[in-house]
Amino acid sequence: NAAIFEIHQMMLEDDDYNESVENIIRMQQVNAEYAVASTGDNFAQMFSAMDDDYMRARSADVKDISERVLSVLGGRATGIAASGEPVIIVADDLAPSETVQLNKDLVLSFVTVHGSVNSHTAILARTMSIPALIGTAIPLTDDIDGKVGIVDGKNGCIYVDPDEDTLGRMQQLKLEEQEKKELLQTLKGRENITIDGKKIMLYANIGNSKDL
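Position 144 of the sequence shown, counting from 1, maps to 144 under full-length UniProt numbering, and the rest follow consecutively.
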């Protein structure tokens with residue numbers, strides 16, 4: 001999590017970003033909020049137009065840091081509405097800074113219409129072990145509010161008001177997934193040693209298991 005927000009810090013300290021804000025204030029005679037919003041939009045569009053999937057996903061990070069600066073400048077509170085009971089959050093999008101504030105004890109899962117598997121929001125969800133569907137074509141209508149739902153993050157499905165058969169099937173999948181996690185925990189912390197006795201360190205920076 002810290003590494004992601006170190007990237008946000010680097011973006012905030014970027015000379016091009018700050019010079020753009022200063023130039024807009026100076027040349028257009030506007031306030032800081034307008035300059036930050038314009039710069040954020042311009043940089044987000046620039047990242048969105050890139051060919052590389054990872055770089056395109058950084059568009060959301062630029063929007064996130066710009067929105068947080070605007071919140072500070074405007075004296076607005078940041079964060080996600082609290083709930084006293086476990087919920088599935090369904091939203092148009094979630095910024096990384098919003099995702100990291102989620103209460104893991106109350107947020108069972110979240111589903112967003114926009115975003116990608118390479119986004120820092122998706123990476124944070126995996127790090128926090130919160131099942132999530134990112135970039136899902138689900139209508140954001142009031143009729144799903146308050147209904148029972150199941151999010152199958154592994155297969156990319158969401159079930160609203162599932163029948164008994166679906167409930168049983170999903171509970172079995174959840175049990176199997178938990179057993180896999182417990183097996184992996186038995187390997188955690190062990191040394192990586194090759195057959196010929198050499199100790200090695202394994203590192204990875206990937207968006208998902210398909211990148212291996």
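Just so you know, even glycine gets a beta-carbon here, dropped at the ideal spot from N, CA and C.
Exercise. What are the start and end residues of the beta strand (DSSP E) that includes I65?
Worked result: Not the beta strand (DSSP E): I65 falls in the alpha helix (DSSP H), residues 53 to 74.
For this session: Please name the residue in T136, Q171, E177, D163 whose C-alpha comes closest to that of C157.
Result: T136
Exercise. On the premise that D61 lies in contact with P96, defined as a C-beta separation below 8 Å, what is that separation, rounded to the nearest angstrom?
Worked result: Here P96 really is in contact with D61; their C-beta atoms are around 7 Å apart, less than 8 Å.
Problem set entry | Stretch-stretch touch, CB-based, cutoff 8 Å, three pairs: the region 69 to 77 with the region 112 to 125 | no
Problem set entry | Where the beta strand (DSSP E) through residue 216 begins and ends | An answer regarding residue 216 cannot be provided, because it is not within the stretch 1 to 212 covered by the chain.
Problem set entry | Same chain, Cβ closer than 6 Å to I24, neighbours up to 5 away in sequence not counted | Beyond the five residues adjoining it in sequence on each side, I24 comes within less than 6 Å, by CB distance, of A35, S38 in the same chain, given in chain order.
Problem set entry | Cβ shell of A122 (< 8 Å), same chain only, five flanking positions each side left out | G115, S116, A132, I134, G207
Problem set entry | Residues bridged to K199 [DSSP beta-bridge criterion] | DSSP lists I193 as the beta-bridge partner residues of K199.
For this session: Specify, as a first and last residue, the run of the alpha helix (DSSP H) that residue 228 falls within.
Result: In this structure the chain extends from 1 to 212, so residue 228 is not present and cannot be described.
Problem set entry | Test item: CB-CB of K147 and D161 under 7 Å | yes
For this session: Count the other CB atoms, across all protein chains shown, that sit within 10 Å of the CB of E194; report buried if there are 16 or more and exposed otherwise.
Result: This sequence places Thr at residue 194; Glu is not what is there. Flag for T194 reads exposed.
Exercise. To which residues of the same chain is I130 closer than 7 Å at the C-beta, ignoring the five residues directly before and after it?
Worked result: In chain order, L102, K104, V107, S109, F110 place their CB closer than 7 Å to the CB of I130, counting only its own chain and leaving out the 5 sequence neighbours on each side.
Exercise. What's the gap between the Cα of D152 and the Cα of K180?
Worked result: Between the C-alpha atoms of D152 and K180 there is a straight-line separation of about 16 Å.
Exercise. Closest to S59 by CA distance: which of V72, A44, E67 is it?
Worked result: A44
Exercise. If you compare alpha carbons, which of T99, D142, R169, D145 is closest to M128?
Worked result: T99
Exercise. Does the beta-carbon distance from L12 to I65 come in below 7 Å?
Worked result: yes
Problem set entry | Rounded separation between S71 and N18 - CA only | Roughly 17 Å separates the two Cα atoms.
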